[in-house]
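Participant: Numbering-wise (our numbering), the sequence shown opens with residue 8 and increments by one.
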Amino acid sequence: MLLYMSSGSAGTKSTPLHSVSVAGAVVREDGRLLAIRRADNGTWELPGGVLELTEAPEAGVAREVLEETGIHVEVDELTGVYKNTTRGIVALVFRCKPSGGTERTSDESTAVDWLTPAEVEERMAEVYAIRLLDALDGNGPHVRSHDGRRLTGSTHYREHG
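1) Kindly indicate which three-state DSSP category glutamate 36 falls into: helix, strand or coil?
2) Counting only runs of 4+ residues fully inside the stretch 32 to 82, write out the alpha helix (DSSP H) ranges in chain order.
3) The beta strand (DSSP E) that contains alanine 98, what's its start and end?
4) In terms of DSSP beta bridges, what is histidine 149 paired with?
5) Chain B beta carbons: is any one of them nearer than 7 Å to that of threonine 93?
6) Could you give the residue range of the alpha helix (DSSP H) that holds alanine 132?
7) In the DSSP assignment, find the unbroken beta strand (DSSP E) run with leucine 122 in it and report its ends.
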């Protein structure tokens, strides 16, 4: 899934253009969604992180959710692909079901909470809230681009509201 730019000359290394991250849209039976408050910037987001080079996306999601929240998950399906056009990050978001564990913080999270969809919209920037809302609507996988702050292109955030 990593994209490479060809230099055109044989024998030279290609320069990566994008990194790939994975995130879990973990949905409890009562409809609440798992979220973390990041330690580095204090924002509320989905648990997730950079996919390791040899790691399958589903395994990466399960690992990242567990590392950041203490929650084990069963990965259901891909619900969206989100490209940060400013930073060159492509995020794959998977809907997951909790399957055990106990909520806890980590070096990467200062809070772990189960939020209602309304609380997601209140606490998260739209580029992160839309990922959870897309996972709930059953119409995915969605493909969206953003500049790190706002969605770009023809698809708008308020389609869910």
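Where is the CB? At the ideal position from N, CA and C, for every residue including glycine.
Facilitator: The relevant details are as follows:
1) If DSSP states are grouped into helix, strand and coil, glutamate 36 belongs with coil.
2) Here the runs fully enclosed are 64 to 76.
3) Element bounds for alanine 98: 96 to 108.
4) According to DSSP, which records beta bridges pairwise, histidine 149 is partnered with Gly87.
5) Protein chain content of the structure displayed is limited to a single chain, and chain B is not contained in it.
6) In the DSSP assignment, alanine 132 falls outside any alpha helix (DSSP H) and carries neither an H nor an E.
7) That run of the beta strand (DSSP E) goes 116 to 122.
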